[in-house]
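S.K.: For the sequence shown, my numbering gives the first residue as 40, with consecutive numbering after it. Handing you a structure now.
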Amino acid sequence: MKSNERIAYCRVFSDLIMADSVIDAGEMDYFTGFRADFRLSRQEEIEAKGMTLAEAIGILRESDKETREELVSRCRALSVSDGFCARLEALLIMGVARALDDLYGEVSHIYSFPKNIFDIPTSCLIYIEGEPAECVDNLVERNYRGLFSEFRLGGFEFIYIPEIIRHYREAEPGLMERIAGFIAPQLSEERRREGVEKLLRMTTYEFTKDILCNKLGMDSLRNTTPAFFLKIGTSFVGDTIYSNYLKMDIEGDLMRDVHEFLDEFTSMLSSDVVIVSNNREQHNQFLYAGFYKLLLDMHLMRRNVRSRIFINPYKEEISFPDIDTVLHGLHRREKALYLTMLVMSSRGGVNFASPATSRQREAYDRRMNKLQEMYRHFYGIFGGDKDKAPDLRQSDIRRPMLSLIKRQLGKLSGQLLNIGDYVVSKDKDNTLFIHLDSSLVEVKDGMTGDMVPLTEWIKTSSQF
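The structure is reproduced here in structure tokens:
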């Protein structure tokens with residue numbers, strides 16, 4: 040077995056031991072045997088602690104069938120080493136087994152995301168989609184009652200956004216706005232009304248895009264096919280807690296696949312007792328706990344949001360539409376620099392460090408001159424005189440501008456998820472870049488007046 044496979048094994052076993060928040064002698068004995076069987080080194084154990092579950096599964100998906108099957112077999116044995124397979128242990132094993140299976144592995148995927156203040160409960164199983172899929176939507180709609188009942192027998196609460204929104208729409212006039220005002224009294228009456236109207240129009244696709252991707256930072260779900268999505272546990276990776284999820288794409292016979300999943304899952308549980316919540320929403324009554332609290336809070340509170348960036352040079356404005364906030368405190372020179380850095384980050388970043396040799400210096404000067412021309416162009420469309428644009432090649436001019444951008448963005452740290460993704464960072468090679476995916480950046484087109492993706496705007500709006 041390769042070293043990276045041993046490290047991945049160790050990550051999975053570590054998560055399984057920690058799944059039920061109890062570490063016992065049986066588990067330690069089993070892990071000691073595993074360490075001896077595979078000659079796991081201390082360094083490999085250390086590296087496993089710095090790997091996410093998704094990374095571990097990604098490595099093992101490339102392994103041979105025997106290696107994958109042995110992991111699943113050992114996980115099952117480890118889960119009952121204390122004489123009892125807990126529900127959270129069974130959830131993790133299901134995720135690992137599905138993702139590494141020759142058949143189910145094609146439609147089963149493990150994701151690891153930094154744990155957010157708003158976290159999806161492990162009892163929830165959610166239907167998601169990256170774009171409207173009428174055929175599958177209709178299939179789920181027709182089978183909703185059956186799906187709800189089947190998942191409930193397995194201890195899951197099936198979350199189908201159209202059903203939740205349908206119940207909200209049936210409330211008496213004005214009630215949802217009063218509830219929104221109670222939950223988020225800081226909202227203006229206009230914002231409250233707009234928020235409720237948007238909530239009542241929410242679809243599965245919009246929930247996936249706006250809540251999961253933009254507000255919870257699950258960007259890799261943006262283009263997902265219709266799927267069932269559930270949390271299978273947490274991992275401690277370095278100093279960061281990650282939430283782990285299983286996504287099962289919907290293909291083939293819907294109800295048959297659901298039955299097979301639930302039969303396999305419940306067969307692993309040591310207890311025949313399944314805890315199911317009896318809480319039900321009645322007319323003019325709305326649950327405010329678990330997933331339902333998350334949905335309302337994320338929609339109304341506007342905290343820790345993975346917001347898009349809208350840049351309107353013609354109004355000299357940089358805004359974050361998903362938190363209804365405009366970036367203040369910057370002159371056009373900093374705004375043009377931020378746009379320049381967003382463009383350069385989509386191409387790998389920019390390094391201002393001066394090279395040592397004359398040959399390298401010539402190439403460096405050409406790059407810097409081209410960068411300065413780009414900046415002058417952006418400075419001009421922000422309303423400035425291109426001939427008076429600051430010279431980015433001068434560090435004593437550039438650095439204070441970057442510092443001001445960082446300070447002003449820092450004021451949004453309570454609203455934006457992972458503020459570090461929005462500021463200009465420097466890596467070990469002194470390359471400056473912004474971590475944010477360029478797909479979240481849109482710029483106003485001066486010809487059409489539409490907001491267009493950054494990469495598309497660059498192709499059509501300038502020579503750079």
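The beta-carbon is built from N, C-alpha and C at its ideal position, and this holds for glycine as well.
Can you tell me whether DSSP reads T1 as helix, strand or coil?
M.R.: The question about residue 1 has no answer, for the chain in this structure spans 40 to 503.
S.K.: Just how far apart, CA to CA, sit R240 and I204?
M.R.: To locate residue 240, count along the sequence shown from 1; it is residue 201. To locate residue 204, count along the sequence shown from 1; it is residue 165. So the alpha carbons of these two residues sit roughly 8 Å apart.
S.K.: According to DSSP, L196 sits in a beta bridge with which residue or residues?
M.R.: Along the sequence shown, read from residue 1 onward, the residue named residue 196 stands at position 157. Note that residue 196 is Glu in the sequence shown here, rather than Leu. Paired residues: C163.
S.K.: Taking 8 Å as the cut-off, decide whether the C-beta atoms of N351 and S151 are in contact.
M.R.: Numbered from its first residue, the sequence shown carries residue 351 at position 312. Numbered from its first residue, the sequence shown carries residue 151 at position 112. Contact flag unset, no.
S.K.: Just list the residues that DSSP pairs T273 with in beta bridges.
M.R.: Taking the first residue of the sequence shown as 1, we reach residue 273 at position 234. DSSP, once it has assigned bridges, lists S282 as partnering T273.
S.K.: Considering only DSSP beta bridges, list what I473 is partnered with.
M.R.: As a working mapping, residue 473 is identified with position 434 in the sequence shown. Partner(s): V463.
S.K.: Do you know offhand how far Q82's Cα is from Y461's?
M.R.: One-based indexing of the sequence shown puts residue 82 at position 43. One-based indexing of the sequence shown puts residue 461 at position 422. Going from the Cα of Q82 to the Cα of Y461 covers about 34 Å.
S.K.: If we ignore side chains and look at the alpha-carbon of each, how far apart do R438 and R347 end up?
M.R.: To locate residue 438, count along the sequence shown from 1; it is residue 399. To locate residue 347, count along the sequence shown from 1; it is residue 308. Approximately 25 Å, taken between the alpha carbons.
S.K.: Kindly indicate the opening and closing residues of the beta strand (DSSP E) around K300.
M.R.: Start at 1 with the first residue of the sequence shown, and residue 300 comes out as number 261. It is worth fixing the name first, because residue 300 is Phe in this sequence and not Lys. That residue, F300, is in no beta strand (DSSP E); its alpha helix (DSSP H) goes L293 to M307.
S.K.: If we count Cβ pairs, one from each stretch, closer than 8 Å, do we get three or more for the stretch 63-77 versus the stretch 41-53?
M.R.: Taking 8 Å as the limit for Cβ pairs, the verdict is that the stretch 41-53 does touch the stretch 63-77.
S.K.: Can you tell me which of the three DSSP states E481 falls into?
M.R.: Position 442 of the sequence shown, counted from the start, is the residue given in the question as residue 481. E481: strand per DSSP, three-state reduction.
S.K.: Bridge partners for D288 per DSSP, in chain order?
M.R.: On the sequence shown, position 249 is the one that residue 288 refers to. Bridge partners of D288: A266.
S.K.: Can you tell me whether C174 is buried or exposed? The criterion is at least 16 other CB atoms within 10 Å of its CB, across all chains shown.
M.R.: The sequence position of residue 174 within the sequence shown is 135, counting from 1. Exposed, since its Cβ has fewer than 16 Cβ neighbours within 10 Å.
S.K.: Hey, would you say Y353 sits closer than 8 Å to K483, going by beta carbons?
M.R.: Numbered from 1 along the sequence shown, position 314 holds the residue referred to as residue 353. Numbered from 1 along the sequence shown, position 444 holds the residue referred to as residue 483. Going by C-beta atoms, Y353 is nearer than 8 Å to K483.
S.K.: Taking T161 as the reference, which of P224, F267, I56 and L142 has the closest Cα?
M.R.: On the sequence shown, position 122 is the one that residue 161 refers to. Nearest C-alpha to T161: F267.
S.K.: Can the beta-carbon of Q520 be found less than 8 Å from the beta-carbon of D430?
M.R.: In the structure as shown, the chain begins at 40 and stops at 503. Residue 520 is therefore absent and cannot be evaluated.
S.K.: If you compare alpha carbons, which of G169, M486 and F275 is closest to F257?
M.R.: Taking the first residue of the sequence shown as position 1, residue 257 is located at position 218. Looking at the sequence provided, one finds Met at residue 257 rather than Phe. Cα-wise, what sits closest to M257 is G169.
S.K.: Using the beta-carbon count (16 or more within 10 Å), is A93 buried or exposed?
M.R.: Mapped onto the sequence shown, residue 93 falls at position 54. A93 is buried by the Cβ-count criterion.
S.K.: Going by DSSP in three states, Q346 sits in which element: helix, strand or coil?
M.R.: For the purposes of this step, residue 346 is identified with residue 307 of the sequence shown, where counting begins at 1. Here residue 346 turns out to be Ser, not Gln, going by the sequence shown. Here S346 sits in coil by DSSP.
S.K.: May I have the straight-line CA-CA distance separating Y414 from L376, to the nearest angstrom?
M.R.: Here residue 414 refers to the residue found at position 375 of the sequence shown. Here residue 376 refers to the residue found at position 337 of the sequence shown. Looking at the two C-alpha atoms, the distance is approximately 7 Å.
S.K.: From the DSSP output, in three-state form, read off P492 for me.
M.R.: Position 453 of the sequence shown, counted from the start, is the residue given in the question as residue 492. Correct three-state label for P492: strand.
S.K.: Leaving out five residues before and five after N155 in sequence, what residues of the same chain have Cβ atoms less than 8 Å from its Cβ?
M.R.: Here the question's residue 155 lines up with position 116 in the sequence shown. Within the same chain, N155 has close Cβ partners L255, G256, S282, N343 and L456.
S.K.: Based on DSSP bridge pairs, tell me the residues matched to V365.
M.R.: Working through the sequence shown from its first residue, we reach residue 365 at position 326. According to DSSP, V365 bridges with S358.
S.K.: Considering Cα atoms alone, identify which of D302, G272, Q324 and R400 is closest to L131.
M.R.: Position 92 of the sequence shown, counted from the first residue, corresponds to residue 131. Closest option to L131, Cα to Cα, is G272.
S.K.: In the structure shown, what three-state DSSP assignment does I62 receive?
M.R.: Within the sequence shown, numbered from 1, the residue matching residue 62 stands at position 23. It is coil, neither helix nor strand.
S.K.: Are the stretch 388-407 and the stretch 467-475 touching, with three or more C-beta to C-beta distances below 8 Å?
M.R.: Judged by Cβ distances under 8 Å, the stretch 388-407 makes contact with the stretch 467-475, as three or more pairs qualify.
S.K.: By DSSP, does N351 sit in helix, in strand, or in coil?
M.R.: Taking the first residue of the sequence shown as 1, we reach residue 351 at position 312. Note: N351 maps to strand in three-state DSSP.
S.K.: With which residues is L455 paired in a DSSP beta bridge?
M.R.: Counting from one through the sequence shown, the residue named residue 455 turns up at place 416. L455 pairs with V344.
S.K.: In chain order, what residues of the same chain have a beta carbon less than 7 Å from the beta carbon of I42, not counting five sequence neighbours either side?
M.R.: Your numbering for residue 42 matches position 3 in the sequence shown. Going by the sequence as given, residue 42 is Ser instead of Ile. Result list for S42: E83, in chain order.
S.K.: Note down the Cα distance separating Y331 from H367, rounded to an integer number of angstroms.
M.R.: On the sequence shown, residue 331 is found 292 positions in, with the first residue counted as 1. On the sequence shown, residue 367 is found 328 positions in, with the first residue counted as 1. Going from the Cα of Y331 to the Cα of H367 covers about 34 Å.
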